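Here is the structure we will look at.
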Amino acid sequence: MADLNELKEEFVELLNEENPIENPPKMHEEEKTEWGTLNEEIEYIDPQFRSTKSSLDSQELSYKLEKKLELLDFELNKFKNANEKLETILKSAKDKEKDAKKLNETLEKKLEQVKLEQSAWVEKQQKAIRQREKARKDSQKNLAAAISHNEREEFNNLKQQFQALQEERKRKENRDNKVISKLTREKMELQNKLFELEERSRDRRRSPIVPASRSTAETQTPIEEEKGNIEALTPIEIFSAHSRVLEVVKQSTLSDGRVQKTLADGHILIVFPDGMRQEKYQNNYKITYFPNRDIKQDFPDGSTQYFFAETGAFQKVYANGKQTIRFNNGQTEKHYNDGSKKIIYPDGTVKRITSNGEEVCMFMDGVVERTDNKGVKQLIHPGGNIEMTETN
Numbered sequence: 001m002a003d004l005n006e007l008k009e010e011f012v013e014l015l016n017e018e019n020p021i022e023n024p025p026k027m028h029e030e031e032k033t034e035w036g037t038l039n040e041e042i043e044y045i046d047p048q049f050r051s052t053k054s055s056l057d058s059q060e061l062s063y064k065l066e067k068k069l070e071l072l073d074f075e076l077n078k079f080k081n082a083n084e085k086l087e088t089i090l091k092s093a094k095d096k097e098k099d100a101k102k103l104n105e106t107l108e109k110k111l112e113q114v115k116l117e118q119s120a121w122v123e124k125q126q127k128a129i130r131q132r133e134k135a136r137k138d139s140q141k142n143l144a145a146a147i148s149h150n151e152r153e154e155f156n157n158l159k160q161q162f163q164a165l166q167e168e169r170k171r172k173e174n175r176d177n178k179v180i181s182k183l184t185r186e187k188m189e190l191q192n193k194l195f196e197l198e199e200r201s202r203d204r205r206r207s208p209i210v211p212a213s214r215s216t217a218e219t220q221t222p223i224e225e226e227k228g229n230i231e232a233l234t235p236i237e238i239f240s241a242h243s244r245v246l247e248v249v250k251q252s253t254l255s256d257g258r259v260q261k262t263l264a265d266g267h268i269l270i271v272f273p274d275g276m277r278q279e280k281y282q283n284n285y286k287i288t289y290f291p292n293r294d295i296k297q298d299f300p301d302g303s304t305q306y307f308f309a310e311t312g313a314f315q316k317v318y319a320n321g322k323q324t325i326r327f328n329n330g331q332t333e334k335h336y337n338d339g340s341k342k343i344i345y346p347d348g349t350v351k352r353i354t355s356n357g358e359e360v361c362m363f364m365d366g367v368v369e370r371t372d373n374k375g376v377k378q379l380i381h382p383g384g385n386i387e388m389t390e391t392n
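Here full-length UniProt numbering is used: the first residue of the sequence shown is 1, the next is one more, and so on.
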């Protein structure tokens, strides 16, 4: 029995040497037990068969070897099939690797092409920017050269006219100052006359006068009321002071609390409850004194003038809608119906603003500044040089 097992193992080793496999099949324990039991039974039943043991063992060995060979063939075929599948998988992996490599090369070529196109586009844009910059500089040079001798001469003439207008304005201001001084003196004279009237009124009040009739008492009442109004006046109200010198021929109190007086020259004085006073003349001239010391004048031609006491500014609005504003510092503004403006500053600078937003500013040193509605500013110097800037 031991010899048979050794023979089987040698045969398996021989097969492994010819066709080596990683895990050669081994005989199971059940097979070994079966072979041992079979041999023992044979020897026990008939010892005479011991002589034929060798022949039986050889047959069994042949049978077992055939079975093992079949098993080995099955395992070998199984290994071949697995090997073929593995080769197929490896081939597919290699094909996919080749495809991925080709795709990577294609992407790299496209990326390189995109980089070249981008570089060409950037170069094209830079070239266009340089061309536009050159065109702008050429335009500036051409614009500077376009100012001819006649235009410079015209500019000098305008400058001389402007200086002449400035001198004329100064002469008018001096004339106006003289008129203002004269009016101030007249105002002082009127104040003196008012003071004399107050003294006379006090003297009449001290003397024991007994009214002869009701009509006499009624004529005395307006005098007393006029005296109270005189004491409430301020020195700035020249016209109102002049009105109180005149005789009141009619007086009435309206339902809203206003007091209306008709003076001897025909014009009407209205006193409002809040202290506002208004004078109306027969030629449609009207002047209004507000409690905050502002004064408004309405002229027969439809224009109005307003004096702001707090700032000292005058605003005149003409019948056609044009406005003139004069500030306390000497600045004058003219506003036109089309939206344009003209501003004269105290230092002599003149600015014109058109209806479309363009500005032209003329300085006393001869420099002209022009700004269009897009924010492009142009400085024109007396020598003809031009500077251009662009505001953000």
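No residue lacks a Cβ here, since even glycine has one placed at the ideal position from N, Cα and C.
The structure presented is a predicted model; accordingly, all values stated were derived computationally and were not measured.
A check of alpha carbon separations from T371 across I386, M364, P300 identifies I386 as the nearest. Remark: C-beta atoms of F308 and D294 approach each other more closely than 8 Å. Per DSSP, the beta-bridge partners of T304 are D298, V317. Between the C-alpha atoms of S355 and K261 there is a straight-line separation of about 47 Å. E279 counts as buried, since no fewer than 16 other beta carbons sit within 10 angstroms of its beta carbon.
For K374, the three-state secondary structure derived from DSSP is coil. Between the C-alpha atoms of Q166 and E310 there is a straight-line separation of about 28 Å.
Distance from the CA atom of L72 to the CA atom of Y63, rounded to whole angstroms, is 14 Å. The alpha carbon of H381 has as its nearest neighbour, out of K98, K109, E151, the alpha carbon of E151.
The three-state secondary structure of T349, taken from DSSP, is coil. By the criterion of a C-beta distance shorter than 8 Å, P300 is surrounded in its chain by N283, N284, Y285, once the five residues flanking it on both sides are discounted. Non-local C-beta neighbours of G366 in its own chain, meaning closer than 7 Å and more than five positions away in sequence, comprise K159, P382, ordered along the chain. Contact annotation, G312 with P291: C-beta distance approximately 18 Å; criterion of less than 8 Å not satisfied. The three-state reading of DSSP puts T324 in strand, counting E and B together. When C-alpha distances from R258 are compared across P346, D265, I270, D95, the shortest belongs to I270. In the three-state scheme derived from DSSP, where H, G and I count as helix and E and B as strand, L254 is classed as coil. Straight across, the Cα-Cα distance linking K316 with K342 is about 15 Å. In this structure, the CA atom of F162 is about 22 Å from the CA atom of N177. Annotation for G321: N337 place their beta carbon closer than 6 Å to its own, counting only its chain and skipping 5 residues before and after.
At a Cβ-Cβ threshold of 8 Å, V360 and V368 count as neighbours.
Assigned with DSSP and collapsed to three states, Q131 falls in helix. Counting other Cβ atoms within 10 Å of its Cβ, R175 stays below 16 and is therefore classed as exposed.
E279: member of the beta strand (DSSP E) spanning 277-280, first to last residue. Taking each of A164, L263, Y289 in turn and checking the Cα distance to Y281, the smallest one comes out for L263. Rounded to the nearest whole angstrom, the C-alpha separation of R136 and E123 is 20 Å. By the neighbour-count criterion, in which 16 or more other beta carbons inside 10 Å mark a residue as buried, I287 falls on the buried side.
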